[in-house]
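One structure is given below, encoded as structure tokens.
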Amino acid sequence: MRFLRRENLPHIWCVGCGHGIVLGAVARAMEKAGVDQDRTVVVSGIGCSSRAVGYLSMDALHTTHGRALAFATGIKLARPDLRVVVLAGDGDLAAIGGNHLIHAARRNIGITTVCFNNGIYGMTSGQYSPLTPAGYRTTTSPFGHLERDFDLCRLVQAAGATYVARSTAYHVHQTITYITRALNHDGFSFVEVFSPCPTYFGRFNRMADPVKMMQWLHDGTVQAGQAARMTPEELRGRVVIGEFHRTQEVPEYARSYREMIARLAEGGDHGAG
Amino acid sequence: MSQPRLMQGNEACVEGALEAGLQFFAGYPITPSTEIAELLADRLPRVGGFFIQMEDEIASMAAVIGASLAGMRAMTATSGPGFSLKQENLGYAAITETPCVVVNVQRVGPSTGMPTSPAQGDVMQARWGTHGDHPVVVLTPSSVLETYTLTAKAFAIADELRVPVILLTDEITGHMRERVLLPDPGTIPRSRRPRAGQAPPDIPPMEHFGEGRRVMVTGLYHDSTGFWTESREEADRLVRRLAGKVESRREQLTMVDRWHLDDAQVVVVAYGCVARSAQRAVHLARERGHRVGMLRLSCLWPFPRHEIEAIAERVDRIVVPEMNLGQMVGEVERAACGRCKVIGYNRVDTELIRPEELLPVLEGV
């Protein structure tokens with residue numbers, strides 16, 4: 182596959198990890214979206230998922246924990262002609278980087294963000310993340326997790342993201358479709374992908390076998406269309422996947438800024454207001 | 035021909051940056067640095083540049099690095115508490131050799147301190163604030179005009195050496211107004227980054243995003259391809275080269291003013307706003323017949339060790355007045371190495387050290 186940096190393989194991920202599937206989906210979506218790999222920058226933070234950028238054959242930026250979107254914002258403003266893609270984990274995006282996530286969405290800056298959601302901190306060996314579902318066990322919630330998990334898709338949509346979708350490593354074709362649409366979207370696009378972590382999430386929750394985790398992704402999810410016909414009781418404990426939001430009615434931020442520069446060059450002064 | 039203008043230090047910083055070709059500013063509001071952001075919000079888009087007020091200090095530093103890697107001359111400005119927050123990404127800029135300029139208009143600390151009051155408490159934070167061993171260049175202006183020239187100089191050093199450069203100013207220098215005559219527009223040469231074929235042996239050529247080079251940039255220890263490595267040899271080579279590229283240019287980076295050093299028995303070493311008072315004190319002491327001289331530092335790091343060594347050889351005392359409990363004085367002592375007495379004079383009550391109070395210290399009363 183021309184989008185992979187073969188010389189950097191093999192990858193560092195554990196047996197049964199879903200990140201390779203998500204990376205594969207990103208690469209295939211890039212192929213489908215007609216991404217020019219000489220005019221694309223992939224940006225990541227820290228953790229297992231962040232290593233994905235090192236295996237993609239294009240400009241790659243592996244940053245500090247949680248800050249991928251802030252770095253990406255600088256790149257997109259400096260070079261709006263480049264496609265900027267952020268690949269980041271759930272801890273990265275929703276905990277330490279939560280503020281950057283909501284503000285990137287609010288600005289509607291043209292960055293495609295793929296959240297590799299394994300519901301755990303993998304690289305630090307299995308602590309709970311803001312996306313660990315309540316009741317599950319991790320190394321830092323040995324008696325069952327008491328906190329509720331974020332619904333990241335609802336969060337970013339409320340914050341202002343203009344493309345929002347969720348899929349899983351099990352539903353690969355659906356994932357590729359969503360990432361392709363996100364890449365072609367003009368504005369802040371967000372795709373959350375559940376990615377199994379048998380080594381740390383699974384092992385503490387009777388799913389150490391990768392197949393069991395895949396089964397969990399299959400059984401625990403329900404398509405948005407189907408969910409609309411289900412009662413709250415039927416939906417309890419299940420995760421809705423699908424395309425939740427898509428609009429082109431909000432101006433993309435980097436372009437708006439360029440337009441303001443052009444207005445000022447023509448002698449105009451203020452925008453709205 | 036430029037006309038003389040009444041201008042604030044923070045304003046001079048903006049003028050210097052724009053004249054040096056600043057293209058991108060990301061920041062977060064913090065006193066006493068905010069005038070820099072406010073002026074650039076207005077000025078930058080008018081010259082085709084970008085201003086963004088990010089959601090926090092950490093994000094500002096990150097956005098600056100991103101824009102720089104995409105080819106822009108980029109800067110941020112902050113004060114002590116914000117500078118603390120930027121430290122992790124400052125280290126990232128150091129290891130990834132990303133040129134950028136960080137202005138720190140110092141205020142009192144620790145913590146929120148007294149937000150509108152001056153201090154010089156961030157000298158060691160500027161040097162060692164981030165984790166690990168890394169190079170750093172820190173410039174300190176003492177006047178409004180020097181804020182202009184050093185801001186422009188900061189971009190030149192950042193680009194040539196591929197390092198983050200810190201402009202360490204203070205509330206007094208940032209807010210005081212002086213009559214300045216700026217150089218004519220267009221007289222400051224645009225800074226240049228080492229590109230393929232032009233880079234010195236110890237600095238890798240800069241390749242920007244979007245040039246088709248498929249660059250890999252990581253904060254992890256990396257080999258010459260940019261890909262992360264766990265090789266001990268590569269790690270050692272990388273860190274030593276990073277430190278060495280600044281260390282080996284210590285003499286070129288040294289920026290000092292020397293006054294009455296030839297016959298001096300007592301020498302004041304000062305920087306920033308305090309250097310103004312110290313210079314006056316030296317003048318007064320001279321008038322009263324004391325052989326007092328002064329060395330003013332415009333570049334704190336790398337520290338002008340050899341200058342201090344040479345002075346310490348031939349004087350009785352070196353006095354280091356600072357608006358902190360003694361930061362640079364330790365570095366001066368280290369360089370003097372027992373050759374002469376080194377005395378600190380310190381205030382941390384948010385008041386500028388006055389010339390009159392330095393006089394007895396200089397005269398040895």
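From first to last, the protein sequence lines are chains X and H.
Going by the working numbering, the letters in the first sequence line up with residues 182 to 454, in that order.
Going by the working numbering, the letters in the second sequence line up with residues 35 to 399, in that order.
For glycine and all other residues, C-beta sits at the position ideal for the given N, C-alpha and C.
Note that this is a predicted model, so its numbers are computed, not measured.
**Item:** Spatially closest choice to X:V267 from X:C296, X:Y381, X:Y344, X:M411, by CA coordinates
**Value:** The shortest C-alpha to C-alpha distance from X:V267 to any of X:C296, X:Y381, X:Y344, X:M411 is the one to X:C296.
**Asked** How would you label H:L40, buried or exposed, when you count the other beta carbons within 10 angstroms and need 16 or more for buried?
**Response** Exposed, because fewer than 16 other Cβ atoms sit within 10 Å of the Cβ of H:L40.
**Prompt:** Should H:L215 be labelled buried (16 or more other beta-carbon atoms within 10 Å of its own) or exposed?
**Reply:** When all chains shown are included, H:L215 counts as exposed.
**Prompt:** Any idea what DSSP makes of X:G307, helix, strand or coil?
**Reply:** The answer is coil: DSSP assigns X:G307 none of H, G, I, E or B.
**Prompt:** Thinking just about the alpha-carbon of each residue, which of H:R248, H:A111, H:A96, H:F117 is nearest to the one in X:S238?
**Reply:** Comparing C-alpha distances from X:S238 to each of H:R248, H:A111, H:A96, H:F117 shows the shortest one belongs to H:R248.
**Prompt:** Three-state secondary structure (DSSP) at H:H256?
**Reply:** Of the three classes helix, strand and coil, the one that applies to H:H256 here is strand, per DSSP.
**Message:** Please report whether the beta-carbon of H:F247 lies at a distance below 9 Å from any beta-carbon of chain X.
**Reply:** The residue you asked about is not Phe; residue 247 of chain H is Arg in the sequence shown. Closer than 9 Å to some Cβ of chain X, the Cβ of H:R247 qualifies, so yes.
**Any alpha helix (DSSP H) of 4 or more consecutive residues that is wholly inside the stretch 313–384 of chain H** = Complete alpha helix (DSSP H) runs here, min 4: 339–348, 362–370.
**Asked** Should H:P63 go down as buried or exposed, given a rule of 16 or more other Cβ atoms within 10 Å for buried?
**Response** Classification of H:P63: exposed, given that the 10 Å Cβ count is below 16.
**Message:** Applying the 10 Å Cβ sphere with the 16-neighbour rule, what's the burial state of H:R161?
**Reply:** Buried.
**Asked** Helix, strand or coil for X:V431 per DSSP?
**Response** Secondary structure of X:V431 (DSSP, three-state): coil.
**Message:** Checking 9 Å against the spacing of the C-beta atoms, do X:D271 and X:N299 come in under that value?
**Reply:** Going by C-beta atoms, X:D271 is nearer than 9 Å to X:N299.
**Item:** Every unbroken beta strand (DSSP E) inside the stretch 199–244 of chain X [3 residues or more]
**Value:** Complete beta strand (DSSP E) runs here, min 3: 221–225, 240–243.
**Request:** Might you give, ordered along the chain, the residues of its own chain that have their beta carbon closer than 6 Å to the beta carbon of H:R339, omitting 5 neighbours on each side?
**Result:** So the qualifying residues of the chain are A369.
**Message:** Can you find the residues in the same chain that come closer than 6 Å, C-beta to C-beta, to X:T320, ignoring five residues on each side of it along the sequence?
**Reply:** G307, Q308, listed in sequence order.
**Message:** Please tell me whether X:G454 has its Cβ less than 9 Å away from any Cβ of chain H.
**Reply:** Caution is warranted here: a pLDDT of 45 is assigned to X:G454, below 50, making its placement in the model unreliable, and no coordinate value can be reported.
**Request:** Determine, using beta-carbon pairs with one atom in the stretch 321–332 of chain H and one in the stretch 368–388 of chain H, whether at least three such pairs fall under 8 Å.
**Result:** The stretch 321–332 of chain H is not in contact with the stretch 368–388 of chain H.
**Prompt:** Can you find a CB in chain H that lies within less than 9 Å of the CB of X:N457?
**Reply:** Because chain X is modelled from 182 through 454, residue 457 of chain X falls outside the range shown and cannot be assessed.
**Request:** Give the DSSP-derived three-state secondary structure of H:W262 in the structure shown.
**Result:** Here H:W262 sits in strand by DSSP.
**Request:** Determine which residues share a DSSP beta bridge with X:L185 and list them.
**Result:** Within the DSSP secondary-structure output, X:L185 pairs in a beta bridge with X:L237.
**Asked** With a CB to CB cut of under 8 Å and the five nearest residues on each side skipped, what residues in its chain are close to X:K393?
**Response** Result list for X:K393: P379, G383, R387, in chain order.
**Message:** I need the boundaries of the beta strand (DSSP E) containing H:R39, first residue and last residue.
**Reply:** Membership of H:R39 in the beta strand (DSSP E) is indicated by the continuous run 39–42.
**Prompt:** Which residues in the same chain as H:R149 place their Cβ atom closer than 7 Å to its Cβ, once the five residues preceding and following it in sequence are excluded?
**Reply:** Checking the sequence, you will find Pro at residue 149 of chain H rather than Arg. Excluding residues within five positions, the ones whose Cβ falls inside 7 Å are T65, R141.
**Request:** Give me the Cα-Cα distance between X:G215 and X:F369, rounded to the nearest whole angstrom.
**Result:** Their Cα atoms are separated by approximately 19 Å.
**Request:** For H:R80, return the contacting residues in chain X, with the cut-off set at a CB-CB distance below 7 Å.
**Result:** Chain order gives the chain X residues near H:R80 as L445, where near means a beta carbon separation below 7 Å.
**Prompt:** Which same chain residues, not among the five before or five after H:L124, have their C-beta less than 6 Å away from its C-beta?
**Reply:** Sequence-distant Cβ neighbours of H:L124 in its own chain, meaning closer than 6 Å and more than five residues away, are T164, P198.
**Asked** By Cβ distance, which residues of its chain are closer than 6 Å to H:D101, with the 5 residues on each side in sequence left out?
**Response** Sequence inspection shows Ala at residue 101 of chain H; the Asp mentioned does not correspond to that position. The answer, listed in chain order, is F58, A108.
**Request:** Specify the secondary structure class of X:G341 as computed by DSSP and reduced to three states.
**Result:** Coil.
**Item:** Members of the stretch 218–247 of chain H that neighbour chain X once the beta carbon cut-off is set at 7 Å
**Value:** For the stretch 218–247 of chain H, which is checked against every Cβ of chain X, the residues closer than 7 Å are F243, G244, G246.
**Asked** With a cut-off of 9 Å, does the C-beta of H:S113 fall near any C-beta of chain X?
**Response** No, because no Cβ of chain X sits closer than 9 Å to the Cβ of H:S113.
**Message:** To the nearest angstrom, how far is the alpha carbon of X:L283 from that of X:R427?
**Reply:** Sequence check: residue 283 of chain X is Ile here, not Leu. One C-alpha to the other measures close to 17 Å.
**Message:** Which residue wins for smallest C-alpha separation from H:L78, given the options H:E91, H:L56, H:P389, H:H317?
**Reply:** Minimum Cα distance to H:L78 is reached at H:L56.
**Request:** May I have the straight-line CA-CA distance separating X:P432 from H:S332, to the nearest angstrom?
**Result:** Taking the straight line from one Cα to the other gives about 46 Å.
**Prompt:** Quick one: does H:E89 have its CB under 9 Å from some CB of chain X?
**Reply:** With 9 Å as the cut-off, H:E89 counts as an interface residue toward chain X.
**Prompt:** What is the DSSP secondary structure of X:S376, counted as helix, strand or coil?
**Reply:** If DSSP states are grouped into helix, strand and coil, X:S376 belongs with coil.
**Same chain, Cβ closer than 8 Å to H:H242, five either side skipped, listed in chain order** = Excluding five sequence positions before and after H:H242, the CB atoms of its chain that fall closer than 8 Å to its own CB belong to L103, A104, G105, V249, given in chain order.
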